[in-house]
Amino acid sequence: VHLKVRERIAQVVRRIRPYTTWAPRCGDSYLERVAFSLMVNPKAVSRRWVERILTVQNADGGWMYVPPYSRTVQEMFGLRVTTHRSEPHPSFLALLALVYYRDLTRAEASSQFLRDDMRTTCLHERSSEEWTKSRRLNFN
Numbered sequence: 088v089h090l091k092v093r094e095r096i097a098q099v100v101r102r103i104r105p106y107t108t109w110a111p112r113c114g115d116s117y118l119e120r121v122a123f124s125l126m127v128n129p130k131a132v133s134r135r136w137v138e139r140i141l142t143v144q145n146a147d148g149g150w151m152y153v154p155p156y157s158r159t160v161q162e163m164f165g166l167r168v169t170t171h172r173s174e175p176h177p178s179f180l181a182l183l184a185l186v187y188y189r190d191l192t193r194a195e196a197s198s199q200f201l202r203d204d205m206r207t208t209c210l211h212e213r214s215s216e217e218w219t220k221s222r223r224l225n226f227n
């Protein structure tokens with residue numbers, strides 16, 4: 088039996104993408120979709136998705152299963168959000184998504200730093216060699 092794991096993952100990511108790019112409420116299922124997307128296809132995740140997770144964090148530091156529509160409207164219009172009690176499962180999913188995103192951005196920043204450092208090192212070495220060549224005495 089040949090399992091087509093990568094094809095299945097790609098199929099699931101394609102199916103959940105519309106529900107992640109636009110979802111009226113940032114609840115448990117939204118958090119699951121973002122965390123899953125970050126696990127299997129991090130390049131498909133928009134920074135805005137992660138910002139939404141941070142926006143709906145409760146005052147007690149966690150997240151809730153399904154925020155009421157009144158809270159969604161309050162968030163959309165920048166009104167004072169009434170406090171709600173957090174639940175462990177959505178809080179875990181939100182933290183999982185945030186950790187995946189943090190690690191992804193750190194890896195990207197690190198690889199960019201290495202590319203910039205390599206470029207700077209190459210330029211420095213080239214200019215050092217040119218300076219050395221220009222200072223050599225010719226005894227011929």
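Note that our numbering has the sequence shown beginning at 88, numbered continuously upward. Idealized CB from N, CA, C, for every residue including glycine. This structure is a prediction, so every number in the text was calculated from the model and none was measured.
Tell whether a beta-carbon distance below 8 Å holds between residue i and residue j.
i, j, result
"residue 132", "residue 141", "no"
"residue 127", "residue 153", "no"
"residue 115", "residue 177", "yes"
"residue 180", "residue 122", "yes"
"residue 118", "residue 196", "no"
"residue 129", "residue 191", "yes"
Would you kindly work out how many angstroms separate the C-alpha atoms of residue i and residue j, rounded to a whole number?
i, j, result
"residue 75", "residue 182", "No information on residue 75 is available, as it lies outside the stretch 88 to 227 that the chain covers here."
"residue 113", "residue 139", "7 Å"
"residue 93", "residue 194", "23 Å"
"residue 227", "residue 198", "With a pLDDT of 46 at residue 227, under the threshold of 50, the predicted position of this residue should be treated as unreliable, though the coordinate-derived value follows. Cα to Cα, the separation comes out at about 47 Å."
"residue 166", "residue 146", "15 Å"
"residue 120", "residue 103", "7 Å"
"residue 171", "residue 91", "42 Å"
"residue 187", "residue 137", "10 Å"
"residue 173", "residue 148", "8 Å"
"residue 150", "residue 95", "29 Å"
"residue 189", "residue 135", "14 Å"
Which first and last residues belong to the alpha helix (DSSP H) in which residue i is found?
i, result
"residue 137", "134-142"
"residue 125", "115-127"
Looking at the C-beta of residue i, does it have a partner C-beta in chain D at a distance below 8 Å?
i, result
"residue 141", "Here there is only one protein chain, and chain D is not present."
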